[in-house]
Amino acid sequence: MRTLYLAGELFSAKHLIGNALLAQAIWDESQGRLACVLPQNLEQRETTAQAVRDQDLRAVLSCDLGLFHFDGTDLDSGTVVEYMFAKFADIPTVVLRTDFRHSGDQSKAGDPWNLMNSFFPRSKNVIVDGMGLFQSFLPSGRGSMDAPAQLAARVSETASHALSRHLAKLCVAALDEVAALPPVLSPTLAGPVYQWLARMPGFARGSEAMTAELEQLLAAKRSRNLL
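Structural data, given as structure tokens:
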């Protein structure tokens, strides 16, 4: 089993529910090979802002893989920071976008977000039209305004689960692909880079404690042929 950090906006019930549905669908689709770590399950609202940030960054580093939601006309800044941290640590990643709008400064042939978030190694994009897919999972004739409200709600629920399963299938295939890619970090560079990652963010735990933690993480990743 490999752990997967699932990053994205966490500002509304829609985000929270969508992340949870996708996490379960990924577990099912991978037959238990991929276990999602949901930052929404880690958050402690009564603690300090830095403690929340530190906790999420440590979770990113501890996971074997990363899945990052790149939705919206402007990408969520917290998700971008977590994505970049994963790239600094040479963690295989998949970027998922279900927003059908094209944003950013790349051409129509490029990624639909700011170009500074593209072209990183050991990363793969899964870009789909979420609205179009959802509509495709609705049965024919579902748009009648005369349909009973209970039936309409059940149809939408069924389509939502079908969409989650479809996204999970695409993501699991992409995650398997990036996990098989060779590391970018050489064995001699990995140690110093992880020592720097223990210091660079200014973790509240202190550099010595974080250096020891990241040394253990690096050894675990090496034992699983991830670095």
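Just so we're aligned, residue 405 is where the sequence shown starts under our numbering, counting upward by one. The beta carbon of each residue, even a glycine, is placed where N, CA and C say it ideally should be.
Exercise. Please classify Thr502: does DSSP put it in a helix, a strand, or coil?
Key: coil
For the region 491 to 536, list the beta strand (DSSP E) runs that are entirely contained and at least 3 residues long, ordered along the chain.
497 to 501 and 527 to 531
- Item | Identity of the residue in Gln454, Ala624 and Ser522 nearest Asp509 by Cα | Ser522
Note to self: Could you compute how far the alpha carbon of Glu612 sits from the alpha carbon of Arg628?
What the structure shows: 25 Å
(request) Report yes if the CB atom of Trp517 is closer than 7 Å to the CB atom of Leu479, and no otherwise. (result) yes
Next on the checklist: In the DSSP assignment, the beta strand (DSSP E) including Gly470 goes from what residue to what residue?
Outcome noted: Leu469 to His473
Within the continuous alpha helix (DSSP H) that includes Arg628, where are the two ends? Unbroken run through Arg628: none, as it is neither H nor E.
- Cβ pair Leu408, Leu442 closer than 7 Å: no
- prompt: From the DSSP output, which residues share a beta bridge with Tyr409?
  reply: Val441 and Gly470
> Phe504 and Gly536 look like a contact to me (Cβ under 8 Å); what is the Cβ gap, rounded to whole Å?
Replying inline: 7 Å
Open item on the list: Restricting to Cα atoms, I'd like to know which of Leu446, Gln444 and Gln428 is closest to Leu438.
Closed with: Gln428
Rounded to a whole number of angstroms, what is the C-alpha to C-alpha distance between Arg569 and Val576? 10 Å
**Q.** Proximity of Asp494 and Leu589 at Cβ, strictly below 7 Å
**A.** yes
Worksheet item: Helix, strand or coil: which one does DSSP assign to Ala608?
Response: coil
| task | Name the two residues that bound the continuous alpha helix (DSSP H) containing Gly422. | result | Ala417 to Glu433
Exercise. Would you kindly check if the distance between the Cβ of Gln444 and the Cβ of Leu471 is under 7 Å?
Key: no
Would you mind sorting Glu581 into buried or exposed? The rule is 16 or more other CB atoms within 10 Å of its CB.
exposed
Using only alpha-carbon positions, find the residue among Val530, Lys512 and Thr477 that is nearest to Leu500. Val530
Would you tell me roughly how many angstroms separate the C-alpha atoms of Ser434 and Ala578, rounded to the nearest one? 12 Å
*Among Tyr598, Ser507, Pro586 and Phe489, which residue has its Cα nearest to the Cα of Glu617?*
Tyr598
Subject >> Chain-order list of residues whose beta-carbon lies under 7 Å from that of Ala608 (same chain, five-residue window excluded) >> reply: Gln454, Ala455 and Asp458
### Message
On the criterion of 16 or more Cβ atoms from any shown chain inside 10 Å, does Gly606 qualify as buried, or is it exposed?
### Response
exposed
| message | Tell me the DSSP secondary structure of Leu461 in three-state form. | response | helix
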